[in-house]
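Chains as they are written, first to last, in our numbering: chain E, 389 to 807; chain Y, 389 to 807.
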């Protein structure tokens, strides 16, 4: 069963690694000029200014329908992500000793939004809403320009709505390098968020391994969905959910676990008829070549298969899905029942759609406000606290052979005894 | 000021990177036999069994004084870390839509405890207590054996106290490789925790970049302390705290920010006289060569310097340190006042001593229960929830050019309209 669900192998990219390394080095040395050159080379436009101007923000012209949809999605995300803001943890561990853990926003964060044929406004919201709630001091956004050197107005509208008006028209590995190390006009950040192609992913990995670079949100891989469906599920719904994942890219993986071959047959029929009308049919057909439809004996076995696979998205189109949530141990985001297609979570439930892919759901979480913050520990110790704890610390530092550690306690205890 | 506080450069280790890569590959191919060979090569002992036997746990023979100190430290950690266990977050984002986020323990975790001249029992507790609270299904521990092929009984006592009885006598890059990929006798884990030398650090970095490997706790660098002291602080205490950090290793960095040259002079005198009696004097003297003592105009300026440096440990030996905690934005762990030496936090306050070094406190947190868990998102949507949200999702997926996404919503809405 396990081999059946092997993920598509990612092609070796040592060539990309080297080229990305060269781009990063070029940006570190050459700054803005190199960014302008690389944007001309890769995006086909010679920029006069890297940064989106105030006038471009003032002249955003999109439909009210689009605005309302973006505002609705943003509000949903705000409601849900506000619950993630951590409360200070403070406790007296023994008399005279208080341990406290306080969250702080990471000072400076950089958001990356890929380019392409259509503006990924939902990704802007998924990154910018938790950043706004975390309260990062500096928030910048990079996204590649179109051939006219412009940024899509939907992207600008979504960014502005979340309090981000520092947007740069650069993309690819050069954008990651610019945010990780800074240039004349682009400030260095402490952590970089957002999806991207192989070049962006490789650049994020490289800068995250350099202590002078920047941390990153999470490792990346192709997107994927697993649907667990019983025989009473609607085959058209299941087919539509598989197709919506498959359209993301040729390396997307979609998996159906059903309880009978008959149901799989019904899904296949629905899938073929729906596919004909879809604009991204060619991408979908390629993605479907490494997809799987398998039969499990029962829902519990299906959940076990899912836990081993650790899908980014898991859709339960089964009776009483809520009975099984406690058994799900590895998954990014889970959709319960027939009325929760993945699409709805990608855009408007308020849940974050930046999720661990490629099995990383075993050890990583979906994006949250916590990713935009870090914790600082505080320890307050009174004289009586030190008197109580000190002797134990002396014994433990002796066992570890660290007598300067012991001395820092002993001379304080001596002072207290003398005082 | 900034250059003044440059951290010691880490020497290039491309040679280590290659050797570590070879060790990892050898372990993946050769399994247990390679582990036995490498342990003979690096630790000087030919092991008959990789795993610590039940008899070795039964025959633990350490003093009651040591046991009591370990138990005290463990209880302190438990009290503090229990506050970190996350509660489920559940909220209705709009009518008919519930978003929930639940924490789950990472299935399998591996803890690494370095060898050396003395047993690092405190590190066992710092890793094993949060793992016990998180409730990971599988917990294993690797630590190099001594020349007689034995594991220090203090380590075994601390591990057993925290519910870990699966301990392997292997160290170095080979231990990290074994836990990341598994061998005949050592189970593969999902995430690896713990400090180590360059080889271990390099191995952790390599396996964390491989989707078939394992995640790791945090990036590592040399340990460091910054002390901010006013003129009323006790120079002997300040000197002792600087020395206790300096004894960790020759690349440790210790920094004092004082308000006058006079005070720095008093600290230097105290430091010289204390140094003479310390067993790790030679290490300390080397560490002090890249340490700094600087004068700030006032406490606020000192805090600014500290925030830019982002120290692993920050000790505030100043009047009313609690007045300044809100201004501290980057630090691993902060010690407030004269009776809170770093030693006490290293062992017994209950705070975790596994902390971000080398400036990583800007974007990473000290170890907590959260690091042993991950979150899963759940989304429940009723018919009316879909009717409310669906049209917005349709608009947003249209803007993004993803019509299979839109279709997954549209055909459900059509079903509801027909039904």
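Where a beta carbon is used, it is the ideal one built from N, C-alpha and C, also for glycine.
query, result
"What residues match up with residue 555(Y) in a beta bridge as DSSP calls it?", "529(Y)"
"Should residue 699(Y) be labelled buried (16 or more other beta-carbon atoms within 10 Å of its own) or exposed?", "buried"
"I need the straight-line Cα distance from residue 604(E) to residue 678(E), nearest angstrom please.", "29 Å"
"What beta strand (DSSP E) runs, 3 residues minimum, are completely inside the region 588-619 of chain Y?", "612-617"
"Note down the Cα distance separating residue 549(Y) from residue 702(E), rounded to an integer number of angstroms.", "38 Å"
"Between the C-alpha atoms of residue 800(E) and residue 483(E), what's the straight-line distance to the nearest angstrom?", "18 Å"
"Check whether the Cβ atoms of residue 675(Y) and residue 626(Y) sit closer than 8 Å, and answer yes or no.", "no"
"To the nearest angstrom, how far is it from the Cα of residue 634(E) to the Cα of residue 691(E)?", "22 Å"
"Give me the Cα-Cα distance between residue 517(Y) and residue 574(E), rounded to the nearest whole angstrom.", "43 Å"
"With a threshold of 8 Å, are at least 3 pairs of Cβ atoms found where one atom belongs to the region 465-479 of chain E and the other to the region 558-572 of chain E?", "no"
"Using only the alpha-carbon positions, how far apart do residue 654(E) and residue 715(E) sit?", "28 Å"
"Kindly indicate which residue of 434(E), 445(E), 464(E) and 628(E) has the alpha-carbon position closest to the one of residue 543(E).", "445(E)"
"Is the shortest distance between the beta-carbon of residue 777(Y) and the beta-carbons of chain E less than 8 Å?", "yes"
"Could you check which residue in 578(Y), 461(Y), 695(Y) and 411(Y) has the C-alpha nearest to that of residue 561(Y)?", "411(Y)"
"Just to confirm, are residue 796(Y) and residue 618(E) a CB contact at a threshold of 8 Å?", "no"
"Taking C-beta to C-beta, are residue 494(Y) and residue 750(E) nearer than 8 Å?", "yes"
"Of the residues 651(Y), 456(Y), 743(Y) and 500(Y), which one's Cα is nearest the Cα of residue 754(Y)?", "743(Y)"
"Pull up the CB-CB distance for residue 488(Y) and residue 477(Y), whole angstroms please, since I reckon it's below 8 Å.", "7 Å"
"Cutting at 8 Å between CB atoms, please list the residues of its own chain near residue 406(E), excluding the five before and the five after it.", "none"
"If you measure from the beta carbon of residue 729(E) to each beta carbon in chain Y, is any gap under 8 Å?", "yes"
"Using the beta-carbon of each residue, which ones in chain Y are nearer than 9 Å to residue 593(E)?", "597"
"Between which two residues does the beta strand (DSSP E) containing residue 583(Y) stretch?", "Segment: none, residue 583(Y) is in no beta strand (DSSP E) and carries neither H nor E."
"In its own chain, which residues sit with a C-beta less than 6 Å from the C-beta of residue 452(Y), not counting the 5 before and 5 after it?", "none"
"Which one of 734(E), 780(E) and 662(E) has the shortest CA to CA distance from residue 458(E)?", "734(E)"
"Whose Cβ in chain Y lies nearer than 8 Å to the Cβ of residue 752(E)?", "603 and 762"
"Counting only beta-carbon atoms, is residue 576(E) nearer than 8 Å to chain Y?", "no"
"Let me make sure I understand the geometry here. Which of 804(E), 761(E) and 394(E) has the alpha-carbon closest to that of residue 578(E)?", "761(E)"
"Taking residue 779(Y) as part of the alpha helix (DSSP H), name the residues at either end of that continuous run.", "771-787"
"Hey, is residue 793(Y)'s beta-carbon within less than 8 Å of any beta-carbon in chain E?", "yes"
"Between residue 800(E) and chain Y, is the shortest Cβ-Cβ distance under 8 Å, so that the two count as touching?", "yes"
"Going along the chain, which residues of its own chain have a beta-carbon closer than 6 Å to the beta-carbon of residue 390(E), five neighbours each way excluded?", "Because residue 390(E) sits at a pLDDT of 43, beneath the cut-off of 50, its placement in the model cannot be relied upon, and the following sentence gives the value as read from the coordinates. Hits under 6 Å: none found."
"Restricting to Cα atoms, I'd like to know which of 649(Y), 765(Y) and 794(Y) is closest to residue 777(Y).", "794(Y)"
"Within this structure, are the beta carbons of residue 658(Y) and residue 652(Y) separated by less than 8 Å?", "no"
"Got a sec: which bits of the region 499-514 of chain Y sit with their beta carbon under 7 Å from any beta carbon on chain E, in order along the chain?", "505, 506, 507, 508, 509 and 510"
"Rounded to whole angstroms, how far is the Cβ of residue 667(Y) from the Cβ of residue 791(E), which I believe are closer than 8 Å?", "5 Å"
"Against residue 662(Y), what residues of chain E qualify as contacts under a CB-to-CB distance less than 9 Å, listed in chain order?", "792, 795 and 799"
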